[in-house]
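*Asks:* Residue numbers (the working numbering), protein chains in the order written: chain A, 2 to 384; chain B, 7 to 494.
Think of the CB as a built atom: it goes at the ideal place given N, C-alpha and C, for glycine as much as any other residue.
Would you mind keeping the following structure in view while I ask a few things?
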C-alpha cells in the first residue's frame, strides 16, 4: 500500500513539474489554503473546548479556594484577638495537595488579589499573610524571571497588590523599560512599595509617562495612605522629561501646592505651546493672583489655545483686577471661542462689579454677544 | 492571420495580468491576516492586565462627545437615547441631532427627557444646514444630553457637522442613533489615544456587528447571536472579515483606510481643521478619514489611526435585498467619488503611507476589483463560447480562488474567536462558518453587481435618493418589561 501511495505521489510530482507556472502556483496555494482552513477549524474547536474545560475547572476549584480563604481568613476566630503576625493557619488545609498544582495556585493568587481589593485592615493583612505562608510569593517571583514582558507585569502586579517588597535593584530598571506596559506597571509598583523615596523614579525617568499610565499613577498617589507627598515643583524646575513635568503640574493643582507657583510661572517661557497651556491651566487652578499680570502681558503673543487658557485662568483666579481686560476681549475679539471664554470668566467672578458689567454688556452689546452671555448664564448649559 | 496573432497575444496578456493581479491581491490578504494576528495578540496581552475601572473614577479622563444624528427615528429614539445614557465614562455628553425629522422624533425626546429650548450660542465651525434650536433637560439625570434640532440636510454628514459644532469636548464619537453601543465603548476607544506617545491619534475604530437577531433590554444588549436571516448573516461574516482581519492588519502598520461611520472616535480639532464631513460625499466616513490624514500630512503632524478588535457597536443591517442594494450602490458610488476627489494622493510620498499604500491599495483592490471581475466573467463567457477554454486548468484556477477565499474568511472567524468568544453557542459559530463556504457563490456576486451599479450611477451622474431604512426594532429579552419596538 505504501509503495502504491509513493508511486502515486511520484507520478503526481512528475506531472506537476510539467504544468505551466501559473497552474503550479495555483495548485500550491490550493494545498496551502486547504491545510490552513483545516488547521483554523481545528484551532477554533480546540479553543472552544479549552474554554469549556477552563469554565468547568473553575466551577470546580473556585468554591474550594473561596471556602479555604473564608475559613482561614474571613471567619478566622483569632482575627482581632491576637496580632495578625501571630495568627497560625491550619497547615493541613493550606497544604492540601490540590493547592500544589500550578494552575490552582494561580487561581488562589487571583482570588486573594480580588479579596484584598475589597478588604483592608486586619483582614487585608491576613490575606497577605496567607499569600506568604502558602509560599505564593515564590510563584510570583518566578514570573519576574520570565523573558515574557506580560508575565513580568503579572508578577509585578501580584507582588504590589500583596504589598510584598521588590528590591530597588529589580524594580527601578523596569521603570525605564522600553516596553510601555511593563514600564507603567513597574512605576505603579515602585510608588506603592518604596517606603523611603516613592517618587525617586521621577528623577531617573527617561521614558515618557503616557497619559493612560498617568491615570493609574494619579490614583495611586492620591489614594495610597502614608505616602509622603513631596513638593512637585522640584521636577517642574529640573526634570527634562516633559511628561514628568506635565504630570507634576496636575499633581500640583490637585494638592493646591501654592509654593510651586514661581516654578510653574517659569514654564510660561517654554517654547512648547502645549506645555505653556498646561502651565497656565495649573496657575488658574491654583488661583495664582501673582501670575495675573504676567498672563495678561503675554496674552497677545500666544496661540489661540493658550489665550483661551489665560482667559479661563483669569476667571478661576477671579481677583477682579482684570475685568476690563476680559470685557475688552469679549467686545472686540473676532474669535467666537475667545468671546465665549471671556464672558464665562467675567460671570465666574460673581462679584457685584462683575454682575454689573454683565448687565451693562447685555444691554449694550450686539445680538450674538447677548446670546453668548445668555448661553453662559444658563445653568442648564455647562459648557 | 495578423489579427488572430494579435488576439492571441491580447488574450494571453489579459490572462497573465489578471493572474498576477489576483495573486497579488491574495498575497495582500495573507499579509493582512498575519499583521492582524500580531496586532490582536498584542492587544490581548495588554488587555489581560488593563484595569479600565481606573479611568471611570479618574478626574484626568479626557472629555468625549457622542454625536448621533436621527432622522425619522420616532419608533426607537427614546430607547436609543436611553441606551446611550448607560455608557460608563466619567466625562462625556450625548448630542442627538434631529435632522429635520418629519415624524414626532423631536416631540418624543422633549416629552420623555423633559427638554426645553435654551439660548444657545451656536458657532458655525463647519457648515451645515441651519440649526433651529438646541434643547437641554430640566431633569438633573439627563444633564449629559443635548438635542440639536436642525433643518434636514439630506445626509448624515450634514447632521454630524452640526453635532461637531455643538460638542464641547476634545474628542467626539460618531455613531448612528439606532446603533447599540457597549457600555464600556468610550473607555475602550480612548485608551489607544492615551497610550500613544509618538503619534497623535486622530481616530480610533472598533468592530461592528449586526444586531438583527440579538436580544436587548432597555437599550442594552443581553444576548449576542449570529443573525438568522441569510442576508444579514452574510453581512456579519463580511464585517468580521473587514474589521477583525482587515482593519486590525492595517492598524498594525498605521495605514487604516477608514473608520466606520457606525462607530468611531475622532480628534475634534483635527476633524474641524480638515473641514468636517463632506455632505456631498457618498462615503462620508472614509472621505473624512482621508481628509484628516491629508491635513496631518500637509501640516507635518505625525498622526495615527487605530483599531481595536472588540465589538463595541451593534447595528441593524439591511434586511431586504432592495435596501441592501441601495446601501451597497451608495458605497460603490462613494468609493469612486472619493478616489476621483483625492486622486492627488495616488503614489504621492508627501502623504506617507496613506499616499503610498492605503490609497493605491484601495484604488487597485477595492475600486478596480469589481471591474476586473466583471470583465473576467465576460471574457470567460466569450472564450467558452469559442470553445477555447482549457477546462482542467480553468477548474484548477476556480478551485484556487475558492479555497483561498474560504481560508481567508475562516482565518477571520478564527481571529474573532481568539479575541473574544462573542457567540456562546456552537450553533452560532457553525452558522457563521457555513457562510464562509457559500459566500463566494451567493453573496459576492451581489456585492460586485451593486458596486458596478454605484460606479455607473456616478459616471452617469444619476440623482441619488438616500431613502430611509425601515427599522425592525430590537428584539426584547425574555422577561423584560420594555415594549418591543416594531416598525410601522
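#1: Buried or exposed: where does residue 394(B) fall if 16 or more other Cβ atoms within 10 Å of its Cβ makes it buried?
#2: Are at least three pairs of beta-carbons, each pair with one atom in the stretch 120 to 129 of chain A and one in the stretch 16 to 31 of chain B, less than 8 angstroms apart?
#3: With DSSP run on the structure shown, which of helix, strand or coil describes residue 108(B)?
#4: Is the beta carbon of residue 282(A) sitting closer than 7 angstroms to the one on residue 310(A)?
#5: By Cβ distance below 7 angstroms, which residues in the same chain neighbour residue 60(A) in space, the five residues on each side in sequence not counted?
#6: So the candidates are 211(A), 259(A), 266(A), 217(A); which of them puts its Cα closest to the Cα of residue 243(A)?
#7: Taking the alpha-carbon positions, what's the residue 465(B) to residue 280(B) distance?
#8: For residue 221(B), report the span of its beta strand (DSSP E) as first-last.
#9: Could you list which residues in chain A have their beta carbon closer than 7 angstroms to that of residue 410(B), in chain order?
#10: Roughly how many angstroms separate the alpha carbons of residue 108(B) and residue 139(B), rounded to a whole number?
#11: 7 angstroms is my cut-off, CB to CB: does residue 406(B) come that close to chain A?
#12: Among 447(B), 385(B), 386(B), which residue has its Cα nearest to the Cα of residue 409(B)?
#13: So what's residue 177(B) in DSSP terms, helix, strand or just coil?
#14: Just confirm the distance between the C-beta atoms of residue 179(B) and residue 195(B), as a whole number of angstroms; I'd bet it's less than 8 angstroms.
#15: Going along the chain, which unbroken runs of the alpha helix (DSSP H) with 4 or more residues stay wholly within the stretch 351 to 432 of chain B?
#16: Alpha carbon to alpha carbon, how far is residue 21(A) from residue 400(B)?
#17: Residues in its own chain within less than 7 angstroms of residue 390(A) by CB, not counting five upstream and five downstream?
#18: Would residue 75(B) and residue 166(B) qualify as a contact pair, given that the criterion is a beta-carbon distance under 7 angstroms?
#19: Output needed in chain order: residues of the stretch 203 to 221 of chain A with a Cβ under 9 angstroms from some Cβ in chain B.
#20: Would you please verify whether the beta carbon of residue 373(A) is less than 7 angstroms from any beta carbon of chain B?
#21: Let me see if you follow: with CB-CB separation under 7 angstroms, is residue 230(A) close to chain B or not?
#22: Which residues does DSSP pair with residue 155(B) in a beta bridge?
#23: Would residue 287(B) and residue 211(B) be called neighbours here (beta carbons separated by less than 7 angstroms)?
#24: Determine contact between the stretch 84 to 91 of chain B and the stretch 143 to 153 of chain B, defined as no fewer than three beta-carbon pairs at a distance below 8 angstroms.
#25: Please name the residue or residues paired with residue 122(B) in a DSSP beta bridge.
#26: Give the single residue among 381(B), 100(B), 428(B) whose Cα lies nearest to the Cα of residue 172(B).
#27: Can you list, in chain order, the residues of its chain whose CB lies under 7 angstroms from that of residue 228(A), leaving out five sequence neighbours each side?
#28: Where does residue 26(A) fall in DSSP's three states?
#29: Measuring alpha carbon to alpha carbon, tell me which residue in 273(A), 86(A), 104(A), 376(A) is nearest residue 346(A).
#30: Can you confirm whether residue 179(B), when its beta carbon is compared against all beta carbons of chain A, has any partner nearer than 7 angstroms?
#31: Which residue wins for smallest C-alpha separation from residue 329(A), given the options 274(A), 319(A), 304(A), 358(A)?
#32: Shorter than 7 angstroms from the beta carbon of residue 61(B) to some beta carbon of chain A?
#33: Mind checking the stretch 206 to 238 of chain B against chain A and listing, in chain order, the residues whose C-beta falls within less than 7 angstroms of any C-beta there?
#34: Closer than 8 angstroms, Cβ to any Cβ of chain A: which residues of the stretch 415 to 429 of chain B, in chain order?
#35: Helix, strand or coil for residue 490(B) per DSSP?
#36: Can you pull the chain B neighbours of residue 322(A), defined as C-beta to C-beta under 9 angstroms?
*Replies:* This is what the structure gives:
#1: exposed
#2: no
#3: coil
#4: yes
#5: none
#6: 211(A)
#7: 27 angstroms
#8: 221 to 223
#9: 30, 34
#10: 16 angstroms
#11: yes
#12: 447(B)
#13: strand
#14: 7 angstroms
#15: 374 to 391, 397 to 425
#16: 12 angstroms
#17: Nothing in the structure corresponds to residue 390(A), since chain A is present only between 2 and 384.
#18: yes
#19: 208, 209, 211, 212, 213, 214, 215, 216, 217, 219, 220
#20: yes
#21: no
#22: 104(B), 139(B)
#23: no
#24: yes
#25: 142(B)
#26: 100(B)
#27: 199, 222
#28: helix
#29: 376(A)
#30: no
#31: 358(A)
#32: yes
#33: none
#34: 416, 417, 419, 420, 423, 424, 427
#35: Confidence at residue 490(B) is low in this model, with a pLDDT of 32, below 50, so its placement is unreliable and the value that follows should be read with caution. Residue state, collapsed to three classes: coil.
#36: Correct list: empty, because the minimum Cβ distance to chain B is about 27 angstroms.
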